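K.L.:
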Amino acid sequence: MNENEQQMPMDRREFGRMLGVAGAIWGMSRVPASGAPKAPTDADGKVIPGFEKTKDEPTRAKGWQPVSDRKVKVGIAGYGLCKFGAAFFYQTHPNVEVVAATDLDPGRCAELAKAVGAKKTYPSCEEMIKDKSIEAIYIATDAPSHARLAIMALEHGKHVCSAVPAVFGFEAEDEAEKLFNAVKKSGLKYMMNETSTFHEDLYSKRLQYHAGALGKIIYSEGEYWHDGIGTLGSYNAKNGKIDEFGWRRALPPMWYPTHATAYYVSVTGKRFTEVSGLGTASYYPVFQEADNQYHNSFGTEIAMLKTSEGGISRMGVSWDMKNAEGEQGRVYGEKPHDNSIVGSRPPLPPSVGAGGHGGSHGRLTNNFIESILLDRKPIVGIGDALNMTLAGTIAHKSALKGGVWMKITQYDL
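Structure, rendered in structure tokens:
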């Protein structure tokens with residue numbers, strides 16, 4: 001039994017009690033969420049994709065019941081372009097006390113501390129991790145630092161919630177091994193904040209799948225289309241600034257795959273086992289630079305993947321398409337779909353907004369905090385996080401070799 005099946009065993013009667021939320025599941029409303037920070041924008045003033053899909057959900061607290069009166073002491077790291085440090089409602093959760101905040105930029109650090117109500121600040125996440133009063137760390141830093149900081153936090157006895165991806169770059173496979181071992185050795189909670197997991201459409205299919213309503217998934221698709229991300233400002237480790245020469249510059253699409261790959265892994269809890277990837281050269285000049293930091297010319301990458309239950313998936317990530325955007329996916333099982341059945345996502349504390357990326361922000365935080373309080377596996381634990389991420393890492397390697405099939409290392413506790 002894998003980690004998601006342990007977290008959510010369900011028979012058909014249990015499933016039936018969770019059904020009944022009517023309405024179409026594919027459309028996402030675009031009204032601001034209560035208590036959410038202002039949506040971040042790019043250099044042209046356009047709202048960054050994902051934040052335009054922000055749900056208010058006035059009935060989000062219906063049926064919510066507190067699980068504890070204890071407050072988890074949390075430290076928050078990172079207040080970059082997307083302001084993720086304050087965008088996931090830790091500061092308003094009834095079971096959280098935000099005790100510290102950090103960002104490498106002193107000005108952003110002060111802004112983050114004010115936004116989340118932290119009384120203590122630290123000049124770096126490494127320093128904050130040493131604070132013995134902190135129980136859990138939320139890592140919302142630049143992608144290249146996620147695994148290193150998560151490992152350090154686990155080694156210092158902290159639970160970890162990390163922004164995506166879990167591991168990154170040329171060292172991703174080595175990082176995966178080290179991160180998995182750190183989680184296993186520590187016995188602490190590790191969760192990756194994959195927002196697609198709590199998209200209304202995905203979560204509905206997740207409930208149906210675990211109730212046996214879909215059967216084996218024969219074919220699945222996931223897509224993350226975000227025009228121009230390879231030119232978007234991001235943290236630049238060379239000067240400590242957010243600029244056009246940061247980690248996103250010429251980013252290989254499949255190094256940031258999890259918004260797409262969640263549309264199989266988070267539905268089923270099963271695994272991608274092999275991948276064949278193809279890429280197409282970007283028309284953006286930063287990808288055409290022969291010496292760009294990742295030696296990458298691909299602005300679009302498509303992966304075909306084999307799954308552990310014998311199915312096939314197609315996952316795509318693109319920075320180049322001006323007529324498509326967002327995160328979406330589809331799953332097709334052995335059994336007929338019943339599109340009149342819509343599963344209800346978990347309710348939230350009244351003080352916690354649903355937030356951006358289709359109302360996922362608040363639910364991810366609530367799931368992580370409840371995993372600590374109830375000592376249960378988080379919804380995107382280490383096995384799911386690494387499989388979603390490495391599927392893309394290895395797809396990019398395959399694309400560089402013309403699409404050769406390559407195996408994906410498996411990690412499960």
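With the first letter of the sequence shown counted as 1, position 33 gets the number 33 in full-length UniProt numbering; the numbers rise by one all the way through. By construction, the Cβ of each residue, glycine as well, lies at the ideal position given by its N, Cα and C atoms. Values in this document were obtained by computation on a predicted structure and should not be read as measured data.
Going by DSSP, what residue range makes up the beta strand (DSSP E) through H159?
P.N.:
Here the question's residue 159 lines up with position 159 in the sequence shown. Taken as a continuous stretch (DSSP letters only), the beta strand (DSSP E) holding H159 covers H159 to S162.
K.L.:
Determine the closest residue to T261 out of T393, E289 and V352, with distance taken between C-alpha atoms.
P.N.:
Mapped onto the sequence shown, residue 261 falls at position 261. That would be T393, whose Cα lies nearest to the Cα of T261.
K.L.:
So, does the segment 359-368 touch the segment 231-248, judging by three or more C-beta pairs under 8 Å?
P.N.:
With the cut-off at 8 Å, the segment 359-368 and the segment 231-248 do not touch.
K.L.:
Jot down the residue ranges of each uninterrupted beta strand (DSSP E) in the segment 273-323, minimum 3 residues, whole runs only, in chain order.
P.N.:
Those beta strand (DSSP E) runs which fall completely within the segment 273-323 and span 3+ residues are 298-307 and 312-318.
K.L.:
Can you tell which of Y90, A86, G85 and G311 has the C-alpha that lies nearest to the C-alpha of L348?
P.N.:
Taking the sequence shown and counting its residues from 1, one reaches residue 348 at position 348. Ranking the options by Cα distance to L348, first place goes to Y90.
K.L.:
When the distance is taken between beta carbons, is A153 closer than 9 Å to E175?
P.N.:
As a working note, residue 175 is residue 175 in the sequence shown. As a working note, residue 153 is residue 153 in the sequence shown. No, the pair does not count as a contact, with Cβ atoms beyond the cut-off.
K.L.:
If you draw a straight line from the alpha carbon of A136 to that of I312, how long is it in whole angstroms?
P.N.:
Residue 136 sits at position 136 when you count from the first residue of the sequence shown. Residue 312 sits at position 312 when you count from the first residue of the sequence shown. Roughly 37 Å between the two C-alpha positions.
K.L.:
Excluding the five sequence neighbours on either side, which residues of its own chain have a C-beta within less than 6 Å of the C-beta of D384, listed in chain order?
P.N.:
Here the question's residue 384 lines up with position 384 in the sequence shown. Excluding sequence neighbours, D384 sits near V265.
K.L.:
Is the separation between the beta-carbon of T197 and that of I379 shorter than 9 Å?
P.N.:
Here residue 197 is taken as the residue at index 197 of the sequence shown, counted from 1. Here residue 379 is taken as the residue at index 379 of the sequence shown, counted from 1. In this structure, I379 lies closer than 9 Å to T197 by Cβ.
K.L.:
Sorted by chain position, which residues of the same chain lie with C-beta nearer than 7 Å to A163's C-beta, five sequence neighbours on each side aside?
P.N.:
Position 163 of the sequence shown, counted from the first residue, corresponds to residue 163. Here the set comprises F84, I139, A140, H146 and N193.
K.L.:
Can you round the beta-carbon distance between E301 and P253 to whole angstroms, since I take them to be within the 8 Å contact cut?
P.N.:
For the purposes of this step, residue 301 is taken as residue 301 along the sequence shown, with counting starting at 1. For the purposes of this step, residue 253 is taken as residue 253 along the sequence shown, with counting starting at 1. About 4 Å; that satisfies the 8 Å criterion.
K.L.:
Name, in chain order, the residues that DSSP records as bridge partners for F169.
P.N.:
Taking the sequence shown and counting its residues from 1, one reaches residue 169 at position 169. The sequence as given places Gly at residue 169; Phe does not occur at that position. Answer by DSSP bridge pairing: none, since G169 is not bridged.
K.L.:
In angstroms with no decimal places, state the Cα-to-Cα distance between F287 and G230.
P.N.:
The residue you call residue 287 lines up with position 287 of the sequence shown. The residue you call residue 230 lines up with position 230 of the sequence shown. Taking the straight line joining both Cα atoms gives about 8 Å.
K.L.:
Extract the residue ranges of the beta strand (DSSP E) inside the segment 192-244, only unbroken runs of 3 or more that lie entirely within it.
P.N.:
You should have 217-225, 234-236 and 241-243.
K.L.:
Could you say which of K120, L413, T280 and I372 lies nearest to V317 if we only look at CA atoms?
P.N.:
As a first step, residue 317 must be located in the sequence shown, where it is residue number 317. Of the listed residues, the one whose Cα sits closest to V317 is T280.
K.L.:
Specify whether the segment 115-130 and the segment 175-185 touch according to this definition: at least 3 beta carbon pairs, one from each stretch, less than 8 Å apart.
P.N.:
With the cut-off at 8 Å, the segment 115-130 and the segment 175-185 do not touch.
K.L.:
If you check the beta carbons only, do E327 and K306 fall under 9 Å apart?
P.N.:
What you label residue 327 is simply residue 327 of the sequence shown in a count that begins at 1. What you label residue 306 is simply residue 306 of the sequence shown in a count that begins at 1. No, the Cβ-Cβ distance between E327 and K306 is not below 9 Å.
K.L.:
Threshold first: 3 residues or longer. Then list the beta strand (DSSP E) segments lying entirely within the segment 62-102, N to C.
P.N.:
As far as the segment 62-102 is concerned, its whole beta strand (DSSP E) runs of at least 3 residues are 72-77 and 96-102.
K.L.:
Which same chain residues, not among the five before or five after V99, have their C-beta less than 8 Å away from its C-beta?
P.N.:
Taking the first residue of the sequence shown as position 1, residue 99 is located at position 99. Cβ within range, chain order: K73, V74, G75, A118, K119, K120, D131, S133 and I134.
K.L.:
Can you tell me which of R248, G228 and H226 puts its alpha carbon nearest to the alpha carbon of N236?
P.N.:
If you number the sequence shown from 1, residue 236 lands on position 236. Selected option, being the one with the closest Cα: R248.
K.L.:
Using 8 Å for Cβ pairs, my map puts S208 next to L214. What's the rounded Cβ distance?
P.N.:
By one-based count along the sequence shown, residue 208 stands at place 208. By one-based count along the sequence shown, residue 214 stands at place 214. It is worth fixing the name first, because residue 208 is Gln in this sequence and not Ser. Between L214 and Q208 the Cβ distance is about 5 Å, and since that is below 8 Å, they are a contact.
K.L.:
May I ask which residues mark the beginning and end of the alpha helix (DSSP H) holding T389?
P.N.:
Sequence index remark: in the sequence shown, residue 389 carries index 389 (1-based). Run containing T389: I382 to L400, per the alpha helix (DSSP H) assignment.
K.L.:
For the beta strand (DSSP E) containing Y256, list its first residue and its last residue.
P.N.:
Walking along the sequence shown from the start, residue 256 turns up at place 256. No beta strand (DSSP E) contains Y256, which DSSP labels as neither H nor E.
K.L.:
In whole angstroms, what separates the C-alpha of A77 from that of A166?
P.N.:
Translated into the one-based positions of the sequence shown, residue 77 becomes position 77. Translated into the one-based positions of the sequence shown, residue 166 becomes position 166. If you take the alpha carbons of A77 and A166, they lie about 15 Å apart.
K.L.:
Ignore the nearest five residues each way along the sequence and tell me which others in G403's own chain have a CB closer than 8 Å to its CB.
P.N.:
What you label residue 403 is simply residue 403 of the sequence shown in a count that begins at 1. Excluding residues within five positions, the ones whose Cβ falls inside 8 Å are S276, G277 and L278.
K.L.:
So for R345, helix, strand or coil by DSSP?
P.N.:
In the sequence shown, counting from the first residue as 1, residue 345 sits at position 345. Coil at R345, not helix or strand.
K.L.:
Which partner residues of V183 appear in the DSSP bridge assignment?
P.N.:
In the sequence shown, the residue the question calls residue 183 occupies position 183. Answer is none; V183 lacks a bridge partner.
K.L.:
At the level of alpha carbons, what is the spacing between Y79 and E221?
P.N.:
Stepping through the sequence shown from its first residue, residue 79 is reached at position 79. Stepping through the sequence shown from its first residue, residue 221 is reached at position 221. Cα-Cα distance, rounded: 32 Å.
K.L.:
Given this structure, state the Cα-to-Cα distance separating E334 from P346, to the nearest angstrom.
P.N.:
Position 334 of the sequence shown holds residue 334. Position 346 of the sequence shown holds residue 346. Spanning the two alpha carbons is a distance of roughly 27 Å.
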